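Under the numbering used here, the first residue of the sequence shown carries the number 13, and numbering increases by one thereafter.
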Amino acid sequence: MKRDLAAIAAREHDVLIIGGGIHGAFAAWDAAQRGLKTALVEAEDFGSGTSWNSLKTIHGGLRYLQGLDLPRMRESIRERRTLLRIAPALVKPLRFVVPTYGHGLKGREALAIALRANDLVSRDRNEGLPAPQRIPPGRSLSREELLHLAPGVPAAGLTGGATWTDAQVSSSERLLVGVLHAADAAHALLANHARVVGFGVSGDRITVVRIEDMVSGEIVEVRARVILNAAGPGMDEVLGLAGSRRPPVPLLSALNLVLRRPVVRDHALGALSNGRYLFLVPWAGRAIVGTDYVPAATADPVEDGRRFLDEARHAYPWARLEPADVALVHRGRVPGRSARQLAGRHLLVDHARDGLAGLVSVQGVKYTTARAVAEEAIDLVARKLGSGRPSRTAATVLKHAAPLPGTLTQQALAAMKDEMALTLSDIVLRRLDLVSGGLPAESELDAIVLALSDALGWDAIRVAREKAGLSESLAGLAL
Ligand SMILES: Cc1cc2nc3c(=O)[nH]c(=O)nc-3n(C[C@H](O)[C@H](O)[C@H](O)COP(=O)(O)OP(=O)(O)OC[C@H]3O[C@@H](n4cnc5c(N)ncnc54)[C@H](O)[C@@H]3O)c2cc1C
Numbered sequence: 013m014k015r016d017l018a019a020i021a022a023r024e025h026d027v028l029i030i031g032g033g034i035h036g037a038f039a040a041w042d043a044a045q046r047g048l049k050t051a052l053v054e055a056e057d058f059g060s061g062t063s064w065n066s067l068k069t070i071h072g073g074l075r076y077l078q079g080l081d082l083p084r085m086r087e088s089i090r091e092r093r094t095l096l097r098i099a100p101a102l103v104k105p106l107r108f109v110v111p112t113y114g115h116g117l118k119g120r121e122a123l124a125i126a127l128r129a130n131d132l133v134s135r136d137r138n139e140g141l142p143a144p145q146r147i148p149p150g151r152s153l154s155r156e157e158l159l160h161l162a163p164g165v166p167a168a169g170l171t172g173g174a175t176w177t178d179a180q181v182s183s184s185e186r187l188l189v190g191v192l193h194a195a196d197a198a199h200a201l202l203a204n205h206a207r208v209v210g211f212g213v214s215g216d217r218i219t220v221v222r223i224e225d226m227v228s229g230e231i232v233e234v235r236a237r238v239i240l241n242a243a244g245p246g247m248d249e250v251l252g253l254a255g256s257r258r259p260p261v262p263l264l265s266a267l268n269l270v271l272r273r274p275v276v277r278d279h280a281l282g283a284l285s286n287g288r289y290l291f292l293v294p295w296a297g298r299a300i301v302g303t304d305y306v307p308a309a310t311a312d313p314v315e316d317g318r319r320f321l322d323e324a325r326h327a328y329p330w331a332r333l334e335p336a337d338v339a340l341v342h343r344g345r346v347p348g349r350s351a352r353q354l355a356g357r358h359l360l361v362d363h364a365r366d367g368l369a370g371l372v373s374v375q376g377v378k379y380t381t382a383r384a385v386a387e388e389a390i391d392l393v394a395r396k397l398g399s400g401r402p403s404r405t406a407a408t409v410l411k412h413a414a415p416l417p418g419t420l421t422q423q424a425l426a427a428m429k430d431e432m433a434l435t436l437s438d439i440v441l442r443r444l445d446l447v448s449g450g451l452p453a454e455s456e457l458d459a460i461v462l463a464l465s466d467a468l469g470w471d472a473i474r475v476a477r478e479k480a481g482l483s484e485s486l487a488g489l490a491l
């Protein structure tokens, strides 16, 4: 993968994708694999937006049963199976357990029926999967079994529990980079640190996209027959640059707390809190608790984290969570009005109907279903271009969806040489994934900086600048 904005500016593309989160990455791979001339530009670093913050669960959509949304549930089940197949080094089955109290809608009997229905709806969930990647059926648990699996849960009124299996991605960053490698191998041109800052419109058609090279400050103009706005929560800002007057999609600020202690080890544990389930998920030898949502317009990074920690303490009293247990906070914006009104479906809009021919927007709602949503978006793009080749991303194993091999310094050098990491933050946060579980050790950082200085001739000024950039990124992740 080589960053070359001049090459992107030099030709007309069939499709230019704006945004290098998981939706943009899958869209670039899909389009390039169909033989479309494809380019993707990302304002900051690939995967530095919402995609960095996921709770890492690859949901089969059990909760959509409640609203009897079977098409959505089937899509989630299919996509869970696809990711288990095409990214087996990173996506693995994970068992979930929830305790049950009383006999209502979230009681043991109701959940037993839900699990049975889930197994029926997902009866093809393991088709084509090797044994270690398969999802076993769910079942209800007796009170004794539940207490054996989750000894600390409050015992008063406990009737038993339910257990089912979903999946988890160990590194959402490495999966995204694996998709970008596949896009690159299929001849997509990719550039990070390249922000779309404007459009040239002639009549009702967008003729050029203006892109600022965030490294040199230079503006380049790029032509494309179709532009796919995959800027995630930034979708409306991009539409604003094109002069669109569509009402903006309401956004929520979502957060997870990454805990230093592995308070759960081999299964995720749910707890009812304020009428919804929170989950404590084991991850990378630690645990994540999530997810909380507040309206993005009134979000307060410090207060929201503390309040959510309080809620998590009440939901998991036995875990005795303290502020010192929180290694870092994942924060990201997602479409929705409130925790109970998360956007249920992705948006796919052809703006020809708003007087902006050639512009399409896609905004997904789950990391889990990003591949399928990207396929649908590229189906629309391909129709507009008169191209009939179908998507093959569901059937192609991602060769690079795995941790980088070698020592830490070899990995850091490979990230710069082959994976377009431009800064120390790109390397540490999103290629080596050293921060997801907490802050990296000072000695690890020193080793990386030393290797980069030797290999790339970084002088003291550059080293100071890179370290300051990383400190700033890390400060934004504190509780
Ligand atoms: C706390 C949290 C927990 C979550 N947990 C889960 C989970 O467990 N399972 C699950 O399936 N989903 C989960 N999600 C949802 C999932 O993370 C998102 O749906 C998904 O990552 C969105 O991806 P995206 O590509 O649409 O957006 P993003 O990752 O935000 O990508 C959009 C990109 O567009 C770029 N961009 C914006 N403007 C411009 C511009 N002008 N020019 C160029 N580029 C631009 C941005 O820099 C950004 O990188 C969670 C989300 C959050 C916040």
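Even for Gly, the Cβ is constructed at its ideal location relative to N, Cα and C.
Just so we're clear, the structure is a prediction, and the values are computed from it rather than from any experiment.
Is the CB-CB distance between residue i and residue j below 9 Å?
{"i": "residue 79", "j": "residue 53", "result": "no"}
{"i": "residue 152", "j": "residue 127", "result": "yes"}
{"i": "residue 234", "j": "residue 28", "result": "yes"}
{"i": "residue 409", "j": "residue 99", "result": "yes"}
{"i": "residue 434", "j": "residue 457", "result": "no"}
{"i": "residue 302", "j": "residue 269", "result": "yes"}
{"i": "residue 204", "j": "residue 438", "result": "yes"}
{"i": "residue 240", "j": "residue 61", "result": "no"}
{"i": "residue 237", "j": "residue 396", "result": "yes"}
{"i": "residue 1", "j": "residue 136", "result": "Outside the shown range of the chain (13 to 491) lies residue 1, about which nothing can therefore be said."}
{"i": "residue 10", "j": "residue 279", "result": "The displayed coordinates of the chain run from 13 to 491. Any statement about residue 10 would go beyond what the structure contains."}
{"i": "residue 382", "j": "residue 360", "result": "no"}
{"i": "residue 272", "j": "residue 338", "result": "yes"}
{"i": "residue 147", "j": "residue 177", "result": "yes"}
{"i": "residue 340", "j": "residue 489", "result": "yes"}
{"i": "residue 326", "j": "residue 65", "result": "no"}
{"i": "residue 387", "j": "residue 403", "result": "yes"}
{"i": "residue 306", "j": "residue 346", "result": "no"}
{"i": "residue 57", "j": "residue 442", "result": "yes"}
{"i": "residue 267", "j": "residue 312", "result": "no"}
{"i": "residue 206", "j": "residue 17", "result": "yes"}
Which term fits residue i, buried or exposed, when burial requires 16 or more other beta carbons within 10 angstroms of its beta carbon?
{"i": "residue 286", "result": "exposed"}
{"i": "residue 230", "result": "exposed"}
{"i": "residue 330", "result": "exposed"}
{"i": "residue 68", "result": "buried"}
{"i": "residue 191", "result": "buried"}
{"i": "residue 314", "result": "exposed"}
{"i": "residue 160", "result": "exposed"}
{"i": "residue 412", "result": "buried"}
{"i": "residue 299", "result": "buried"}
{"i": "residue 224", "result": "buried"}
{"i": "residue 22", "result": "exposed"}
Taking the alpha-carbon of residue i as reference, which of the options has the nearest alpha-carbon?
{"i": "residue 15", "options": "144, 201, 252, 261", "result": "201"}
{"i": "residue 452", "options": "468, 479, 434", "result": "479"}
{"i": "residue 114", "options": "77, 148, 167", "result": "167"}
{"i": "residue 255", "options": "301, 363, 170", "result": "363"}
{"i": "residue 212", "options": "244, 203, 178, 251", "result": "251"}
{"i": "residue 296", "options": "317, 274, 157, 280", "result": "274"}
{"i": "residue 50", "options": "199, 209, 298, 365", "result": "199"}
{"i": "residue 90", "options": "70, 102, 107", "result": "70"}
{"i": "residue 424", "options": "293, 460, 165, 351", "result": "460"}
{"i": "residue 25", "options": "13, 38, 48", "result": "48"}
{"i": "residue 468", "options": "445, 426, 446, 490", "result": "426"}
{"i": "residue 216", "options": "366, 112, 138", "result": "366"}
{"i": "residue 344", "options": "263, 282, 247", "result": "263"}
{"i": "residue 219", "options": "58, 369, 475, 463", "result": "369"}
{"i": "residue 209", "options": "189, 247, 197", "result": "247"}
{"i": "residue 284", "options": "430, 165, 306, 81", "result": "165"}
{"i": "residue 140", "options": "260, 133, 19, 95", "result": "95"}
{"i": "residue 145", "options": "106, 265, 81", "result": "106"}
According to DSSP, residue i sits in a beta bridge with which residue or residues?
{"i": "residue 207", "result": "224"}
{"i": "residue 97", "result": "According to DSSP, which records beta bridges pairwise, residue 97 is partnered with nothing at all."}
{"i": "residue 175", "result": "109, 151"}
{"i": "residue 362", "result": "372"}
{"i": "residue 236", "result": "25"}
{"i": "residue 305", "result": "266"}
{"i": "residue 345", "result": "265"}
{"i": "residue 115", "result": "Note: residue 115 sits in no beta bridge, so no partner."}
{"i": "residue 180", "result": "69, 104"}
{"i": "residue 217", "result": "214, 369"}
{"i": "residue 282", "result": "291"}
{"i": "residue 51", "result": "28, 201"}
Any heavy atom of ligand 2 closer than 8 Å to the Cβ of residue i?
{"i": "residue 279", "result": "Only ligand 1 can be found as ligands here, which leaves ligand 2 out of the picture."}
Could you tell me which uninterrupted alpha helix (DSSP H) segments, each at least 4 residues in length, are contained entirely in the stretch 385-436, listed from first to last along the chain?
The qualifying runs are 420-430.
Whole beta strand (DSSP E) runs in the stretch 286-331 with 3 or more residues, listed along the chain?
List check, beta strand (DSSP E) in window: 288-295, 298-307.
Length-filtered (4 minimum) alpha helix (DSSP H) runs lying within the stretch 435-476:
If one requires a minimum length of 4 residues, the alpha helix (DSSP H) runs lying completely within the stretch 435-476 are 454-468, in chain order.
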